[in-house]
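Protein chains in written order, with my numbering: chain A, 7 to 972; chain B, 2 to 416; chain C, 449 to 546. Think of the CB as a built atom: it goes at the ideal place given N, C-alpha and C, for glycine as much as any other residue.
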Amino acid sequence: MSPSRLEHPFGQLIDRDTPVTFEFEGETVQGYAGDNVASALIGEGRWLMSRSFKYHRPRGPLSLAGHDANTLIQTPTAANRLAEDLMAKDQGTLSGQNYLGSLKFDYYSLLDRLGRFLPVGFYYRAFFKPRGMWRFWENVIRNAAGLGVANLEATPRYTDKQYLFCDVAVIGAGPAGLNAALTAATGGAEVLLVDEQELLGGALTYHRFTLEDDSRAQTLKALSNAVANHDKIRVLTGATCNAWFSDHYLPVFQGDRLYKVRAKTCVLATGSSEQPVVFRNNDLPGIVLCSGLERLMMHHGVCPEGPAVILAGNDDAYLTAITAAEAGLSIAGVVDLRSEPDDLALPAALSELGITLYQSATVYEAHSDKSGAQLGAVTIYPIESEGKVGVTPTHLECRLLAMSAGFMPAYQLACHGGAKLAYHDDKSEFTLTELPEGMHLAGSVNSTHDLKAVCADGRNAGRGALRALALETDNDETVQCERHVNHPWPIFKHPKGREFVDFDEDLQIKDIINSARLGYRDIQLVKRYSTVGMGPSQGRHSALTTARLIADATERTVTETGVTTARPPVKPESLGVLAGRRFHPIKKTPMDQRHLALGAHMIPAGSWRRPAFYGALDHRAANIAAEAHAVRNGVGMIDVSTLGGIELRGPDAAEFMNRIYTYGFLKQPVGKTRYAALANEQGVIIDDGVAARLAEDHFYVTATTTGVDRVYSEMLRWNAQWRLDLDIAQVTSAYSAVNVAGPFSRDVLEQAGCNIELSSESFPYLACREGMVAGIPARLMRVGFVGELGFELHVPSLMAQTLWDKLMVAGEPFNIKPFGVETQRLLRLEKGHIIIGQDTDGMSHPGEVGLAWAINRKKAFFVGRRSVDILMSQPLKRQLVGFTLSPSAPKPEEGHLVLRDGDIVGTVTSCEYSPTLAKVIGLAYVHPDDAQPDSEVTIRTADGVCVQAPIATLPFYDPGNARQQL
Amino acid sequence: MPLGLLKYGRGSDYPFERQPDLPGPRELKKHYDVVIIGGGGHGVATAYYLAKYHGITNVAVLEKAYLGGGNTARNTAVIRSNYLTPEGVRFYSASVKLYENLANEFDFNIMYSQRGQLTLAHTDATVRAFRQRAEVNKHFGGRTEMIDRQSIAELVPCLNLDPAQLPVLAGLWHQDGATARHDAVAWGYARGATQRGVELHQLTEVTGIESAAGQVTGVVTNRGKIACGTVIQAVAGHSAVMSQKAGFPLPIVAYPLQAMVTLPVKPFLNPLVSSSALHCYVQQTSRGEIVIGGGSDPYPLYNSRASLPLKESLIASAVDMFPFLSEMRLLRQWAGITDMTADYSPIMGLSPLKNYYLDAGWGTWGFKATPICGKTMAELVASGGEVPTLIQPFTLERFDHFQQVNEMGATAASH
Amino acid sequence: MKIMQCPLNGPRNISEFVYGGQVEPMPDPQQCSDKDWASYVFYDNNAIGIVREWWQHAPSSYWFIAERHNASDDILRTYDPGELFSERVDFTTGENEP
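Quick look at the structure:
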């Protein structure tokens, strides 16, 4: 049978014709479409939803708005979901969390009995003696804490993000927000209106603002219709604006989508959080905020089981009682903390409904029913003075208690923008000040509570937004609100404690006060010591009480005491939605498909991917050896398209090159290349490449794969200052390149067809030429990185794959073999060439790494010049040298240490077995005294085995450099 | 239940020791032997070691806001010594050693938890760098080693070893890696120092430094002037601002560093896990929250505001590492201000102003150094200006001579 | 997220820009003392206040100069570097190369 609900106009959100079911804690729960899990559970009389963080006390909803941690439950995929945020119709199997046993019988609830032994900060006081015990206790504590269980098998769902732009973002669609949005839109602004609820209207949808309640329905209808029909207003409901970031950048979460909203100005009409009264056992399931009861009735048509007691710190709670009574809820009494309400008609209205009124009284203690997990009764005492009660108790049986001690502005978004909170003793209220530019407040977040005033305040905020946009608007209305909604001291300490200030963290009055007494007096220290406000609701219901208690305990004003800094997000937000869809773009060279077809083992190189070698990873060494053999004895080809390429053209191109790179370039002949090393301003070598002078006023220079963006960018920045006459363009992606290397490389090019004379005489080592290869326009450079006769061919990327194919065909007679970057690393090591970033680190200056020859210290300037001078004038601290080892010795790995007299003096930066030389060769930083070829150094290899490695003269291979000059 | 808690069960209103952990506000004296500017972990640690080991107790710690409220409060409490340079490893290892016994020394549980730190390598270059770090660490007695994919999977079964395009190649497993309750470290030191006579003055801002003949003579505060013989500045996040009051600049650029935390869940992650390529680290606190952090903000700023782009990229990386985190909920994001030096090492010791000592340049590596900083700075003060060997490499003068201690590679995303 | 006014491309999210260090006059690298040079290399203007900085709009590689408050993060002005560097810079001392 479907549960019974209140008739219309109650239950605006539910569809009574569509019953839905789900499982909670192994039992079937029935509700209606439109119900959330919390309303459906309460509709069936189930209040118990969770166990508290520290004492494992039974907990049920407090706010019914998803604003407290009492409704955190477990779904099959996720921990810590708020029951109000989960729609009943979408759920399968749910359960409570943070218990040992079941939600109803939690063995950990023993901790509640032991609570007196676990005072605030108890974990600082014990568990560490004798030394090492913490390891054990930490596990115990970790397991007892922690709320829900993460499902480690969960995989990211599809989520996405969208940018939105508007003139005015209005956050909150209550009466203030609706008015602000209408005023701004009517004044010509594009408005985005955002609200957490599914319904427009905010408190208008559930709260009775006056006894007569005559105009509310009309106001709501008129406002929401006008908003819905206004073509300049876009509405996002069921959407949470979770932060305010600089320049009105607002993340709005709606389901699985994140909207990143850029507004020109914003209106915060975020309302306020109703505050609980602090008394013993105020956390029992069945104790809710008045607004929570109103939401249950008005939104979901749920009339919880009575009798109910209403605990009033303001007139609003009377109105809740009246609404509830009219709906048929039995009211056992209204208990007013004050001597009388502001509106003197209210007591008469109660008595007309037969409701007993207790004035100047408070609920001093709540009692559970037999289950131990639900409110059964309350004890009421007269109030004698602030926080003190008299001696004559009244006992009332009840199943429900709704309370309102006042309101705290929903200050979070404003405070993200730097706004401050100030406390007003006359109204016992915090108000926001020092708003950032372009932020406007309206409604109860602006301490306006009377409906008429709220609406006017909203219109004024709309006008403020228009003014900020330099749009025309009329003068502000006068907003008058004399209403007092906050009780100054709704805090009642009980000798037995358990008066909860912070429900998330199970903190009682004494915990807060004791923190201050222990010397943690600053509100931030109180937070850190007691953990108040650190839980999921981020102090929404505890900050006001904490500020009052600490102000009292430390004899400061509440303003001086303050509240802790509000940090984003406002409400816990999904990591999956924040992460969004994952894009992992990689760059592929035009030959990528060819590499894959050839079985290349691909590795990342910056944002590119490149072949490490061809063939299976299992045969890495053999594959590399075969490729190296081909280059040394036949011909090989490597795709070097990832090399950076920069074009410099103009009358000052040579002058510019001369300033950027360490070597001299002014007199570099056209048709020649030069090694180009780049230092940073600290004198550290950070990149290198080859500079080809294609014309008097035209250089083409390569840079490392990962360094080129930075090199290009720095070039532009330098010339923004130097104002030399040249144009600098990055052409990395425009050109692709291969290096054909090996004794037969010339033959391959000739076979492929080349209109450039390739003989050593007309195209010598280090020369560069432009021409056609295999019918493709190419820039050719004779470079010697791998130490053989070789040609680097740079061609337009569109034609690079064709070039590759044609060269492969042309190379067939010579058994051309493609080789990968790891083979290239071996080959260049044999030649003693360093790789910037592998053989250099963030401190390597040219003198240390054998690049002194590449420095022209006669020219007037190059970047880093003076630093290089300073560094090279100092005694060397280390030196990069070559070493060799026999293949039978333990092979050092890159990163192993060079030791001298037991001290670290350097490290191995490159080390490979060279099949060509049949020995292990490597580069290492060593002590300068050991850098001579007749020295030996100690290298500590794996498992601490030291080897003595003789220093070798570089290059290891072909010391006369004859082969590359063939 | 440990016996230590039984005394709290007597049910009185005020169940703790008679003496509070921290004394209440009091008047400033006219003169102190030593003034420490900055009541963060480093400042109170220095005061503690001065009082406890050198008998110097006429000391005032001046804090402009509240105890431990700067980067001590904001950092993510990574304790490790697996740095790259011998100078760095020696220094941070000494700090780890002190941390291990700190709770018992304080009689205050700082929840020091040696869970080990795992850093992931996704490229050959990182593998090389990690091997060097492992070797340097082992050289100085640290427990650090390279481990392969299989060992990583055994250590952290829920880790995704193949995040798109960046498969994990190997890991640097630092068994000495640990975490602790950061606030408690500052409180423990402050408690120990004030119990020995040191004065802690919160809400006391230093607005000027007074000197005569090249020697510091006193400080000016919002509560009046104080004369003193020695000053230590330990104001991470504002070091260069403070040094300017003393009349000299520091080679520091301040960047915000953001971190975030999820709602708590039951324990599933023991080690601290970080990835250099994804610029992200992930750990689980003893409360069960997942702490996520990464690299600094992209431009300098003396401001601890939070930002969305950094949150999005950091969370995306965390989800790459642990895909199931996508179902978790983020509770809070915050920022601290980090004083970055060019070589990612601190600036400690003497300054151009005599008897004015520096404890600065703490970037993202300050928390883990807290004990050893306190100890060495106290030695520096007690010896009348003899710089302890351990901190000699970190002298301010090194920049004038281009003699940096380069820890950039060992610091990037692991803190 | 902040908005930055690119002199070339107009207002953009600051995530489109790359910070490029402070605008700092270079001392004469041939004539200045080591200490002055070290100061140029390692020391920034890190007093709290308005700083002059290089910024690059990454998608267009365009460098410009921004005046920004380093605590409030307010960007007061952005402009083309030509406003500051209008003359060709030359380094005259020293011989020429081989």
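* Asked: Is the shortest distance between the beta-carbon of A:F509 and the beta-carbons of chain B less than 7 Å?
  -> False, the Cβ-Cβ gap to chain B never drops below 7 Å.
* Asked: Just the Cα atoms here: how many angstroms apart are A:T189 and C:G458?
  -> C-alpha separation (whole angstroms): 30 Å.
* Quick one: which residues of the region 863-881 of chain A get their C-beta closer than 8 Å to a C-beta of chain C? List them in chain order. => K864, K865, A866, F867, R871, R872, S873 and I876
* Take A:F16 as the anchor and find which of A:A195, A:H213, A:I630 and A:I945 has the nearest alpha-carbon. => A:H213
* **Backbone CA spacing between B:L264 and B:M329 [nearest angstrom]** => 7 Å
* Quick one: which residues of the region 143-165 of chain A get their C-beta closer than 9 Å to a C-beta of chain B? List them in chain order. => W143, E144, N145, I147, R148, N149, A151, G152, L153, G154, V155, A156, N157, L158, E159, A160, T161, P162, R163 and T165
* **DSSP bridge partner residues for A:P93 (one or two, in chain order)** => Per the sequence shown, residue 93 of chain A should be read as Met rather than Pro. Paired residues: A:N42.
* DSSP-derived helix/strand/coil call for B:Y67 -> Looking at B:Y67 - three-state DSSP - the assignment turns out to be coil, as it is neither helix nor strand.
* Asked: Should A:S366 be flagged as near chain C, meaning a C-beta pair shorter than 7 Å?
  -> no
* **Proximal residues to B:L23 (C-beta, below 8 Å), its chain only, five neighbours per side dropped** => Once the five neighbours on either side are set aside, the close Cβ partners of B:L23 are L68, W188, A191, R192, T195 and L201.
* Under the rule that 16 or more other beta-carbon atoms within 10 Å means buried, what is B:Q133, buried or exposed? -> buried
* **Rounded C-alpha distance that separates B:A319 from A:G793** => 44 Å
* Anything in chain F within Cβ reach of C:R500, meaning under 9 Å, just list it in chain order. => Of the chains in the structure shown, none is chain F; the protein chains are A, B and C.
* Asked: Can you tell me where the alpha helix (DSSP H) with B:V36 in it begins and where it stops?
  -> From DSSP, B:V36 is part of no alpha helix (DSSP H) but of the beta strand (DSSP E) over H32 to I38.
* **Strand pairing of A:E371, partner residues [DSSP]** => A:R286 and A:T385
* Assign A:D21 to one of three DSSP states: helix, strand, or coil. => strand
* Output yes if chain A places a C-beta closer than 7 Å to the C-beta of C:W511; else output no. => yes
* To do: Reducing DSSP to helix, strand and coil, say where C:E515 ends up.
  => C:E515 falls in the strand class under three-state DSSP.
* Identify, in the order they occur along the chain, each residue of the same chain with its Cβ nearer than 8 Å to the Cβ of A:E311, setting aside the five sequence neighbours on each side. => G51, R405 and L406
* **Cβ-based burial, C:D538 [other Cβ within 10 Å; buried from 16]** => exposed
* Supposed close pair A:P783, A:V801 - CB separation, criterion 8 Å -> 7 Å
* To do: In angstroms with no decimal places, state the Cα-to-Cα distance between C:E545 and A:Q599.
  => Any reading at C:E545 needs caution, since the residue's pLDDT is 42, under 50, leaving its predicted position unreliable; the model's value is listed next. When the Cα atoms are used, C:E545 and A:Q599 turn out to be separated by approximately 46 Å.
* **Contacts of B:A237 in chain C (Cβ-Cβ under 9 Å)** => Ordered by position in chain C, no residue passes the 9 Å Cβ test against B:A237, which lies about 14 Å from the chain.
* Hey, quick one: how far does the alpha helix (DSSP H) through A:E144 stretch, first residue to last? -> M139 to A150
* **CA nearest to the CA of A:R222, picked from A:L441, A:A557 and A:G208** => Comparing alpha-carbon positions, the option among A:L441, A:A557 and A:G208 lying closest to A:R222 turns out to be A:G208.
* Could you name the residues of the region 233-266 of chain A whose beta carbon sits closer than 7 Å to any beta carbon of chain C, in the order they occur along the chain? => F251, S252, D253 and Y255
* Asked: What did DSSP end up calling A:H490 once you bin it into helix, strand or coil?
  -> A:H490 carries a coil assignment under DSSP once its states are collapsed to helix, strand and coil.
* Using a Cβ-Cβ cut-off of less than 8 Å, give me the residues of the region 308-341 of chain B that come near chain A, in sequence order. => S308, L309, K312, E313, I316, A317, A319, V320, D321, P324, F325, L326, S327, E328, M329, R330, L331, L332, R333, Q334 and W335
* In chain order, what residues of the same chain lie with their CB nearer than 6 Å to the CB of A:T846, ignoring the 5 residues before and after it? -> I691 and V855
* To do: Return helix, strand or coil for A:N520, following the three-state DSSP convention.
  => helix
* Do A:A75 and B:R288 have their CB atoms nearer than 7 Å? -> no
* Asked: With a Cβ-Cβ cutoff of 7 Å, do B:R91 and B:H175 count as a contact?
  -> no
* Inter-residue CB distance, B:V262 and B:R197 (contact presumed, cutoff 8 Å) -> Not really, about 35 Å apart at Cβ, beyond 8 Å.
* To do: Give a yes or no on whether the minimum CB-CB distance between A:H902 and chain B is below 7 Å.
  => True, the Cβ-Cβ gap to chain B drops below 7 Å.
* To do: Write down every uninterrupted run of the beta strand (DSSP E) in the region 655-685 of chain A whose length is 3 residues or greater and which is fully enclosed by it, in chain order.
  => 679-685
* Beta carbon proximity, C:I496 to chain B, threshold 7 Å -> At a cut-off of 7 Å between C-beta atoms, C:I496 counts as an interface residue with respect to chain B.
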